[in-house]
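The structure appears right after this line, and notes come after that.
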Amino acid sequence: MTERNRTDKLEAPSNAIGKILSFIRERRYQPSERLPSERDFAEKFDTSRGAVREALAALETMRVIERRPNSGIYLRKIEESSIDALVLYAESGVPFEAKEIADVMEVRRMLEGQAVRLACTRRTADNIREINAILEETNKRLSKKQSIEREDEAFHLAIFSATKNDILLRVARSFYELSRHRRKVYFADHSRGRQSYEDHCAILEAIEERRVGQAEQQMNAHLSRTGEAWQALLAYIPQVACRLT
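Heads up, the sequence shown is in this note's numbering, so the first residue is -18 and it goes up one at a time.
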């Protein structure tokens, strides 16, 4: 075996995880259905069994799969999977169903609603300066007809940061990982970016003035507009409905 071939075989477990998740989705495996063996996966992906073994161990820890003694490897229900597993699905570019997108959006609304309330009472001057800087960068990019998916994420996470609740912020980061690539599709339309910017400005104003009710109302309106735009987009482009990322 040449040096190049040996290097190709020594694939990182993280790469093997992505390939396994994609394989599961592409073949439309159902919960409780038996998956290929460790050896079969290694042969299919032309990679080392060690990398596949580590990948399967990680997926088992995240409750994506289960190993049954003297039986094999089986797929678990997606609702049994951990948040880390969902993030891995997203990072691997694995297609998700429209309902799963809707479920993520629903949880996001709950998280954002709580975050904006807490931010109104706990935010500091530094938080306000940080969010203002994000909005300034957003406006600059919009003036150049550039996408603002990174600035959109930064704005919302800055609000979570202003809650001073580290666990809430960590959960929010996970959910934004789930939608990172999906936002690229969303903000490809410049008008959506402009509307989002205007919504963000109104939300910041309410937070800065500590108007809890107004901040919550502005956030709900913003997320409702986003949800409606997504419904229209998914109806117009059916294939997008199958991508969470």
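From the three backbone atoms N, C-alpha and C, an ideal C-beta is built for every residue, glycine too.
Relative to the alpha-carbon of N120, which residue among S177, A36, A210 and A213 has its alpha-carbon at the smallest distance? S177
With DSSP collapsed to three states, give me the class of E229. In this structure the chain extends from -18 to 226, so residue 229 is not present and cannot be described.
Neighbourhood of H203 by C-beta, 7 Å cutoff - its chain only, sequence neighbours within 5 removed: D180 and I184
Just verifying my parser: in three-state terms, what is the DSSP assignment at Y10? coil
Between I46 and the rest of its own chain, which residues show a CB-CB distance below 7 Å, the 5 nearest in sequence each way excluded? L16, L37, L40, I54, Y55, L56 and R57
Span of the alpha helix (DSSP H) around I109: A106 to S124
Looking only at C-alpha atoms, which of S18, K25, I59 and E35 sits nearest to P50? S18
Helix, strand or coil for Q212 per DSSP? helix
Please specify which runs of the alpha helix (DSSP H), each continuous and at least 4 residues long, are wholly inside the segment 0 to 44, giving them in chain order. 19 to 26 and 30 to 42
Can you check the segment 156 to 182 for any alpha helix (DSSP H) of at least 4 residues that lies completely inside it and give the ranges in chain order? 161 to 167
Grab the span of the beta strand (DSSP E) containing R49 for me, first residue to last. I46 to R49
Contact under 8 Å by Cβ, H137 with Y157: yes
Please classify G174 as buried or exposed, where buried requires at least 16 other C-beta atoms within 10 Å of its C-beta. buried
Work out the CA separation of D21 and F141 for me, nearest whole Å. 44 Å
Beta-carbon separation (whole angstroms), R191 vs T102, contact threshold 8 Å: 7 Å
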